[in-house]
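Here the structure is laid out as structure tokens; the discussion comes afterwards.
There are 2 protein chains.
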Amino acid sequence: MSGTPSFAAVDWGTSTFRVWLLDAAGDVLAERRSDEGLRTAAERGFARVLETHLEALGADPALPAVVCGMAGSRQGWQEARYLDVPTRLDAIAGNAVRIDGIDRPVHILPGLAQRDRQTADVMRGEETQLLGAMTREDDGTGDVLYCMPGTHSKWVRLRDGTVTGFSTFMTGEVYALMVRESILAQTLGDAMDVDADAPAFAKAVLAAHDEPALLMRFFFALRGSSLLFGEEATVARARLSGYLIGAELAGSLPAERDGAAIRLLASGGLGALYKRALDTLGVTHTSVDADEAVRAGLARAAAAIHPAVTEGAHS
Amino acid sequence: MSGTPSFAAVDWGTSTFRVWLLDAAGDVLAERRSDEGLRTAAERGFARVLETHLEALGADPALPAVVCGMAGSRQGWQEARYLDVPTRLDAIAGNAVRIDGIDRPVHILPGLAQRDRQTADVMRGEETQLLGAMTREDDGTGDVLYCMPGTHSKWVRLRDGTVTGFSTFMTGEVYALMVRESILAQTLGDAMDVDADAPAFAKAVLAAHDEPALLMRFFFALRGSSLLFGEEATVARARLSGYLIGAELAGSLPAERDGAAIRLLASGGLGALYKRALDTLGVTHTSVDADEAVRAGLARAAAAIHPAVTEGAHS
């Protein structure tokens, strides 16, 4: 490890744990990843999991850590209560919760809640990605609709640094359940991956965007195509993914866009699929890398929580 | 058992087995049900399962049996190849397949296939219910759109005795996967039942019918309502069911109706939910009991296959 770490940045989700040592400028000095997400860590002890990884990275026992994600949920390490929208995004640092009963200064950032009976919704972790994306792109000026693909895809409206509302689609989880647990499992094959360049993907995006009410019918048609035409599993997966993403875009773009710029906040294969889907529909958009964004968000929060150790982080 | 059985009627699905002894008029003399569906029967042997139940009912070894459902699939007892739509519904009896290698005369009825690349679809068992419903109601005259709720809900257009097309929605299976396997499992509770009279059900039907593109969002909102407002599992299940059925109706009614009369072919709790959903949307419809319909369909097929033993079945 070259350079001096200013703090540890931790993204602690339901099923994954990631930690980076960052210097005062927010650059990565070292990193570790594991599958010790919320459930595993709850058994082993959150402090022990964190300390084991920090020790392996050679971090000083006094190095501060800033954490985002499900570790701050009621079932997590220590609850960091949701901030209600509308809220300024940079308020998450000021509402971080310091972990009790340990020597190392560890802060957990709060998630956001939409406390409305009709559109009740929550996020934990995405708010920190958004803070980072906003910091890197335009520092929150303007009117942007963020698309954040995932197990639970988020669409977030950010106006001049304030989150005005958001909505979550179960797209990724339903895809995985269809592949693993449904009658379509055999049709879809053992793999989970989808080729964003498959013509069947783009065609399915258009079909479901045009007729989202047929989503449950499109699903079963995959079985019909397999039984009657011997369609291959890779094509079936491309279609399934395209139907789900096409319907998600039909539900999120018109209602929430309203003049906002579209920004895709994603990484890897899922990012490629959503980019292809947006292109297929002719939706102009920019992209931000989600991995970089979460580190930038944690760095910005750390700078606010520990101004002394991270001064210069935004120089 | 009073009266003399003319034949055994068997509805053999993926997960259930049902057999009735019917007299020449199609009336039920005796019945048995078990969970020896396709998968279980494939292990134990189809002939053995059928003979065990018929013996328990005291049926003569020469009594003919007529079977519908997944037993006729490629993974079943013996394949009864699909009839392609459009097809006259009463053609299924003429295309029944006699089981080889056993003494008892057993015939399996074929399913229907829609051999179209865009809307590939299949059914096995529902065609026999339809034949029975048509026989009981109007003998196929007129233009009817049948709604057949289930794990895989079918919408079938029947014009003057000819099935012109159909579509399958994965509504019931997705409902079950959400309750049992998804992140919503805790929110939805251990039970599966839904109260058709719950105001939350009707409200969800309307919401999803109006905005079917939001189906995946409506799902996740159940989690938000549970976390933020402590909403109960019974309400969450009513909403989940309402969203799925509302979206199904949005996808099936306008495209397929086109002047056809709507007929709900269902039984029990699922029939009550769809009836309430149709009423909520102001859709005029009639109802036929699915259990009676499948027996009537098997009786009609038996009369065609074995005219001698069932003569008078339609007197």
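As you go down the protein sequences, you meet chains A and B in turn. Take 1 as the starting number for the first sequence in UniProt numbering and just add one per residue. Take 1 as the starting number for the second sequence in UniProt numbering and just add one per residue. C-beta atoms are modelled at their ideal positions from N, C-alpha and C, and glycine is treated no differently. Quick caveat: nothing in here was measured; it's all calculated off a predicted structure.
Same chain, Cβ closer than 8 Å to residue i, five either side skipped, listed in chain order
i, result
"residue 141 (chain A)", "160 and 161"
"residue 56 (chain B)", "32"
"residue 212 (chain B)", "246, 247, 250 and 251"
"residue 241 (chain B)", "175, 194, 201, 204 and 273"
"residue 222 (chain A)", "184, 187, 188, 231, 236, 239 and 240"
"residue 53 (chain B)", "17, 19, 32 and 34"
"residue 87 (chain B)", "112, 162 and 163"
Cutoff 7 Å; reference residue i; Cβ partners in own chain excluding five residues on either side
i, result
"residue 244 (chain A)", "171, 174 and 175"
"residue 15 (chain A)", "35 and 37"
"residue 82 (chain B)", "110, 111, 112, 113 and 122"
"residue 253 (chain B)", "283"
"residue 115 (chain B)", "84"
"residue 3 (chain B)", "23 and 29"
"residue 5 (chain B)", "21, 22, 23, 29, 59 and 63"
"residue 76 (chain A)", "38 and 70"
Supposed close pair residue i, residue j - CB separation, criterion 8 Å
i, j, result
"residue 163 (chain A)", "residue 281 (chain A)", "So it is not a contact: roughly 25 Å between Cβ atoms."
"residue 28 (chain A)", "residue 41 (chain A)", "Going by Cβ atoms, the distance from residue 28 (chain A) to residue 41 (chain A) rounds to 22 Å, so no, they are not a contact pair."
"residue 132 (chain B)", "residue 296 (chain B)", "3 Å"
"residue 12 (chain B)", "residue 71 (chain B)", "4 Å"
"residue 92 (chain A)", "residue 128 (chain A)", "7 Å"
"residue 271 (chain A)", "residue 287 (chain A)", "7 Å"
"residue 177 (chain B)", "residue 181 (chain A)", "6 Å"
"residue 276 (chain A)", "residue 196 (chain A)", "4 Å"
"residue 137 (chain B)", "residue 154 (chain B)", "Rounded, the Cβ-Cβ distance is 17 Å, inconsistent with contact."
"residue 298 (chain B)", "residue 9 (chain B)", "4 Å"
"residue 220 (chain B)", "residue 152 (chain A)", "6 Å"
Contacting residues, own chain, Cβ-Cβ under 6 Å from residue i (five flanking each side not counted)
i, result
"residue 107 (chain B)", "66, 96, 98 and 305"
"residue 36 (chain A)", "17 and 49"
"residue 292 (chain B)", "none"
"residue 47 (chain A)", "102"
"residue 314 (chain B)", "Unreliable positioning characterises residue 314 (chain B) in this predicted model, as indicated by a pLDDT of 44, which lies under 50. A coordinate reading is not provided."
"residue 278 (chain A)", "285"
"residue 64 (chain A)", "7, 105 and 306"
Classification of residue i by the beta-carbon crowding that lies within 10 angstroms, buried from 16 upward
i, result
"residue 186 (chain A)", "exposed"
"residue 74 (chain B)", "exposed"
"residue 139 (chain B)", "exposed"
"residue 168 (chain B)", "buried"
"residue 262 (chain A)", "buried"
"residue 192 (chain A)", "exposed"
"residue 229 (chain A)", "exposed"
"residue 23 (chain B)", "buried"
"residue 43 (chain B)", "exposed"
"residue 117 (chain A)", "exposed"
"residue 60 (chain B)", "exposed"
"residue 266 (chain A)", "buried"
"residue 308 (chain A)", "exposed"
"residue 207 (chain A)", "buried"
"residue 258 (chain A)", "exposed"
"residue 199 (chain A)", "exposed"
"residue 350 (chain A)", "Any answer about residue 350 (chain A) is impossible in this case: the structure gives chain A only from 1 up to 315."
"residue 100 (chain A)", "exposed"
"residue 289 (chain B)", "buried"
Quiz prompt | Every unbroken alpha helix (DSSP H) inside the region 137-190 of chain B [4 residues or more] | solution = Listed in chain order, the complete alpha helix (DSSP H) runs (minimum 4 residues) inside the region 137-190 of chain B are 171-181 and 185-188.
Practice problem: Ignoring anything shorter than 3 residues or poking outside the region 226-270 of chain B, list the beta strand (DSSP E) runs there in chain order. | Solution: 261-266
Practice problem: Could you pull out every unbroken beta strand (DSSP E) segment of at least 3 residues lying fully inside the region 267-302 of chain A, listed in chain order? | Solution: 285-289
Quiz item: If contact means a Cβ-Cβ distance below 9 Å, which residues of the region 147-179 of chain B contact chain A?
Solution: 151, 152, 153, 155, 167, 168, 169, 170, 171, 173, 174, 177 and 178
Self-check item: Short-range partners of chain A found in the region 245-262 of chain B, where Cβ spacing is below 9 Å
Solution: 247, 248, 249, 250, 251, 252, 254 and 255
Quiz item: According to a CB-to-CB cut-off of less than 7 Å, which residues of the region 185-202 of chain A neighbour chain B?
Solution: none
Quiz prompt | Members of the region 206-220 of chain B that neighbour chain A once the beta carbon cut-off is set at 8 Å | solution = Within the region 206-220 of chain B, 211, 212, 213, 214, 215, 216, 217, 219 and 220 place their CB atoms closer than 8 Å to a CB of chain A, listed in sequence order.
Quiz item: Residues in the region 92-117 of chain B with C-beta within 8 Å of chain A's C-beta atoms, listed in sequence order?
Solution: 113, 114, 115 and 117
Practice problem: Counting only runs of 4+ residues fully inside the region 92-142 of chain B, write out the alpha helix (DSSP H) ranges in chain order. | Solution: Restricted to the region 92-142 of chain B, the alpha helix (DSSP H) segments that are unbroken, complete and at least 4 residues in length are 126-137, listed in chain order.
Exercise. Taking a Cβ distance cut-off of 9 Å, strictly less, list which residues of the region 227-244 of chain A are near chain C, in chain order.
Key: Absent from the structure is chain C; the protein chains it does hold are A and B.
Quiz prompt | Against chain B: residues of the region 3-27 of chain A by CB proximity under 7 Å | solution = none
Quiz prompt | chain B contacts from the region 117-141 of chain A (Cβ-Cβ distance under 9 Å) | solution = 117, 118, 119, 120, 121 and 122
Quiz item: Which runs of the alpha helix (DSSP H), 4 residues or longer, sit entirely within the region 6-76 of chain A?
Solution: 38-44 and 46-56
Self-check item: Residues within the region 64-92 of chain A neighbouring chain B, beta-carbon criterion of under 7 Å
Solution: none
Exercise. Taking a Cβ distance cut-off of 9 Å, strictly less, list which residues of the region 51-62 of chain A are near chain B, in chain order.
Key: none
Quiz item: Listed from N- to C-terminal order along the chain, which residues in the region 272-294 of chain A have their beta-carbon within a distance smaller than 7 Å of any beta-carbon of chain B?
Solution: Along the region 272-294 of chain A, none of the residues has a CB nearer than 7 Å to a CB of chain B.
Self-check item: Residues in the region 30-48 of chain A having any Cβ partner in chain B nearer than 7 Å
Solution: none
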